[in-house]
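For reference, the structure is listed below as structure tokens.
Number of protein chains: 2
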Amino acid sequence: MMKNEKILLVNRPKGTPQKSDFRFEEAAVPELQNDQVLVKTIYLSVDPYMRGRMSDRKSYIPPFELNEVISGGVVGQVVESRSGELAEGDFVIGNLGWQRYNAVSDAEVRKLDPSLAPLTANLGVLGMTGLTAYFGLLDIGNPQEGETVVVSGAAGAVGTIVGQIAKIKGARVVGIAGSDEKIAYLKEELGFDEAINYKTEKVYEALKTACPDGVDVYFDNVGGEISDSVLGLINKGARIPVCGQIALYNLEKADVGPRMQSQLLINSALMKGFIVSDYAAYFEEGAIELAKWLKEGKLSYSENIVDGFENTIDAFLGLFTGENTGKQLVKVAEPGNIQG
Amino acid sequence: MMKNEKILLVNRPKGTPQKSDFRFEEAAVPELQNDQVLVKTIYLSVDPYMRGRMSDRKSYIPPFELNEVISGGVVGQVVESRSGELAEGDFVIGNLGWQRYNAVSDAEVRKLDPSLAPLTANLGVLGMTGLTAYFGLLDIGNPQEGETVVVSGAAGAVGTIVGQIAKIKGARVVGIAGSDEKIAYLKEELGFDEAINYKTEKVYEALKTACPDGVDVYFDNVGGEISDSVLGLINKGARIPVCGQIALYNLEKADVGPRMQSQLLINSALMKGFIVSDYAAYFEEGAIELAKWLKEGKLSYSENIVDGFENTIDAFLGLFTGENTGKQLVKVAEPGNIQG
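If you read the sequences in order, they're chains A and B. UniProt numbering applies: residue 1 is where the first sequence begins, and numbers increase by one. UniProt numbering applies: residue 1 is where the second sequence begins, and numbers increase by one.
So, in structure tokens, the structure goes:
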């Protein structure tokens with residue numbers, strides 16, 4: 001007998017989320033309606049932006065409902081089909097519930113070809129993560145050959161891809177991350193020109209040395225004081241894609257710091273927030289380019305895969321301790337035989 | 001005998017500039033070199049941005065030199081010519097010294113046709129002031145019909161033009177200014193839809209009422225807490241041209257406030273600093289459009305003209321007390337017979 005299990009949000013977190021904000025609940029496997037498929041979760045993605053949806057305030061996407069299942073990026077496999085489009089054994093990706101089984105219409109998921117790329121890459125470098133890096137860097141940041149690109153949260157899922165795309169475009173790339181292991185990874189594995197450990201170095205001073213020609217593009221994944229330091233070094237005409245503000249997600253009080261309008265003014269600099277869905281009309285273009293670079297070996301990615309649905313919350317909470325490198329995933333089940 | 005007189009910067013102001021930071025000095029009228037003309041100052045322009053040049057720090061234009069003559073927008077008349085291009089009696093405009101006479105090459109000034117517009121309009125609505133409003137609003141703000149545009153420093157030289165151009169483009173326009181006279185002027189003379197007196201009203205609350213559909217474009221002339229309030233009300237996809245930060249020019253300590261990256265992020269909003277010279281390649285286009293609107297009666301402007309070179313410093317200091325409406329000018333001399 002298959003049994004379903006889901007993760008509900010039961011409290012809106014105050015500050016850093018706690019385990020007690022979530023509850024695991026057993027449930028029956030949902031019955032299929034016409035045109036629906038039953039998708040067994042194979043991998044699920046935990047992402048920093050989800051913290052925002054746990055609060056009940058205006059944001060770019062609506063908040064999660066209390067006592068409802070949390071949803072996010074999921075790669076799964078069809079185990080039962082009442083759809084003409086999808087067959088048992090098909091692999092699919094979608095924004096689905098954090099549960100072992102989701103009943104969804106075929107329009108809610110996209111079929112994956114597992115021969116093109118590893119299943120997990122679809123939740124990372126070829127998925128929303130890669131597209132976030134692609135559009136934020138190229139559309140807003142628009143790095144030119146020889147320019148200096150700084151990326152914070154550089155060892156994270158988005159940051160690692162941003163830095164590599166900037167290198168592909170011929171820029172000098174400087175990363176900011178939080179451990180010596182990460183620094184070594186960025187410089188030795190991903191080809192960053194310089195990387196700064198914000199926990200052991202003075203960011204402003206270290207950046208000044210690492211960016212002798214100033215900063216032309218700052219891809220901001222973190223906000224807070226790290227960003228203040230980078231903003232002090234921007235060049236005339238700098239571009240600043242604001243992608244995440246992980247330093248702020250768990251703040252309970254107002255985030256106060258130097259107002260940066262003067263810096264933007266004296267440098268004729270541009271700062272723009274974005275969310276990947278702003279570029280939905282161009283996803284296809286981005287995905288093709290990312291897949292090409294991946295195939296050509298110009299783009300590598302790292303994943304941190306935690307095993308077991310029961311470890312989902314720990315994996316999510318780990319995003320805020322600065323310990324993970326690359327894309328954080330949870331493996332929920334083994335993929336079955338492709339024939340289902 | 002003609003005598004020259006100049007205004008020197010003798011101290012870098014700490015906080016708000018003081019009279020003692022400047023010195024009037026008599027001097028000989030400069031001798032002309034070949035291809036030079038001697039320009040008698042008729043009107044000079046005092047502008048908030050000049051405060052920035054009085055400090056010795058990185059900005060978009062180099063600082064004024066200590067013990068040297070200050071320079072800014074001047075309309076003058078040629079009283080002696082060794083140039084083939086300009087004749088005695090010609091009116092010219094340029095970035096010239098705060099002095100009664102400037103000796104300049106003909107390339108440093110542009111000839112004006114006094115039959116096209118009042119001389120003073122060339123320092124305001126048809127000059128750098130008008131072009132600042134034009135490019136900042138249209139290129140960065142890009143207001144669409146029916147959108148809401150908020151402008152701070154609304155009764156100032158740039159703000160009055162921004163609001164009127166936004167109305168020409170079909171937007172709802174809300175101004176923020178500092179006196180009931182200014183509020184009345186904006187609403188009754190310039191056709192602003194709403195105007196808020198930041199000295200007597202709670203800006204955030206008043207804006208919320210005045211902008212029931214939120215804020216699509218915020219033309220920021222002032223910075224500081226007023227801007228914090230506006231930023232709390234921006235819509236998805238908002239655009240924020242940062243033109244001036246008059247609240248900050250005289251600050252001695254760091255300007256600290258809520259960091260606004262989160263607001264930009266959750267609204268996919270764009271903020272961009274600029275200086276009018278960023279658009280130098282397009283000045284002709286802007287000037288033609290502004291002159292057309294002026295001729296059609298779609299654009300009105302107000303000037304505050306102080307009489308007498310000796311009152312230049314008072315006029316400049318008055319910019320920071322929030323008392324002036326429209327463009328602040330100093331009349332230095334009567335224009336002579338057009339034949340010279």
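Beta carbons: idealized from backbone N, C-alpha and C, even for Gly. The structure displayed is predicted, hence computed values, not measured ones.
Kindly provide the ranges of any alpha helix (DSSP H) runs that are 4 or more residues long and lie completely inside the stretch 282-316 of chain B, ordered along the chain.
-> 283-295
List the residues of chain B that PHE274(A) touches, going by C-beta distances under 7 Å, in chain order.
-> SER268
DSSP state of GLU189(B), grouped into three classes?
-> helix
Quick one: using the 10 Å Cβ neighbour count with 16 as the cut-off for buried, is LEU116(B) buried or exposed?
-> exposed
Ignore the nearest five residues each way along the sequence and tell me which others in GLY273(A)'s own chain have a CB closer than 7 Å to its CB.
-> VAL242
Locate the alpha helix (DSSP H) running through LEU264(A), then write down its first and last residues.
-> 261-266
Alpha helix (DSSP H) containing GLU225(A): first to last residue?
-> 224-231
Residue closest to PHE91(B), alpha-carbon to alpha-carbon, out of GLY76(B), TYR198(B), LYS202(B) = GLY76(B)
Do LYS167(A) and PHE192(A) come within 9 Å of each other at the CB atom, strictly closer than that value?
-> yes
Check the DSSP bridge columns for PRO241(A) and list the partner residues they point to.
-> LYS272(A)
Whole runs of the alpha helix (DSSP H) within the stretch 101-141 of chain B, excluding any shorter than 4 residues | 128-135
Please classify GLY336(B): does DSSP put it in a helix, a strand, or coil?
-> coil
From which residue to which residue does the beta strand (DSSP E) around THR41(A) run?
-> 36-45
Residue-level contact to chain A via CB, ARG259(B), 9 Å cutoff | yes
Length of the line joining the Cα atoms of VAL46(A) and PHE283(B) = 50 Å
Alpha helix (DSSP H) segment containing THR148(B), residue limits | Segment 148-152 is the beta strand (DSSP E) holding THR148(B); no alpha helix (DSSP H) there.
Just how far apart, CA to CA, sit GLY214(A) and GLY175(B)?
-> 37 Å
Indicate the three-state DSSP secondary structure (helix, strand or coil) for GLU31(B) in the structure shown.
-> coil
Extent of the continuous alpha helix (DSSP H) to which LYS208(A) belongs | 203-210
Among residues of its own chain, excluding the 5 on either side of GLY153(B), which ones have a beta-carbon nearer than 7 Å to its beta-carbon?
-> GLY159, ASN221, VAL222, GLY244, ILE246
Answer yes or no: does any C-beta atom of chain B fall closer than 9 Å to that of GLY15(A)?
-> no
Inspect the CB distances between the stretch 265-279 of chain A and the stretch 218-238 of chain A and report whether three or more fall short of 8 Å.
-> yes
Along the stretch 140-163 of chain A, what residues have a CB closer than 9 Å to any CB found in chain B?
-> ILE140
THR16(A) versus PHE320(A) - alpha carbon distance = 8 Å
Backbone CA spacing between GLY340(B) and VAL39(B) [nearest angstrom] = Annotation note: pLDDT 38 at GLY340(B) (below 50); position unreliable, coordinate value reported separately. Approximately 12 Å, taken between the alpha carbons.
Span of the alpha helix (DSSP H), counted from its first residue to its last, around GLU181(B) | 180-184
The stretch 78-88 of chain A / the stretch 18-27 of chain A touching (three or more Cβ pairs under 8 Å) = no
Output the distance between the C-alpha atoms of SER20(A) and ARG57(B), rounded to the nearest integer angstrom.
-> 51 Å
In whole angstroms, what separates the C-alpha of ILE196(B) from that of THR41(B)?
-> 37 Å
Give the straight-line distance between the Cα atoms of TYR49(B) and CYS211(A), rounded to the nearest whole angstrom.
-> 29 Å
Neighbour list for MET128(A) in chain B, Cβ cutoff strictly below 8 Å = Near MET128(A) there are no residues of chain B at all, since even the closest Cβ is about 15 Å away, more than 8 Å.
For ASP220(B), which residues does DSSP report across the bridge?
-> VAL242(B)
Close-in-space but distant-in-sequence residues of the same chain around GLU88(A) (CB under 7 Å, 5 per side omitted) = VAL78, VAL79, GLU80, SER81, GLY340
Out of LEU329(A), PHE309(A), ALA121(A), point me to the one whose CA is closest to LYS295(A)'s CA.
-> ALA121(A)
Counting only beta-carbon atoms, is SER227(B) nearer than 9 Å to chain A?
-> yes
Do you know how far the Cα of VAL151(B) is from the Cα of ASP180(B)?
-> 16 Å
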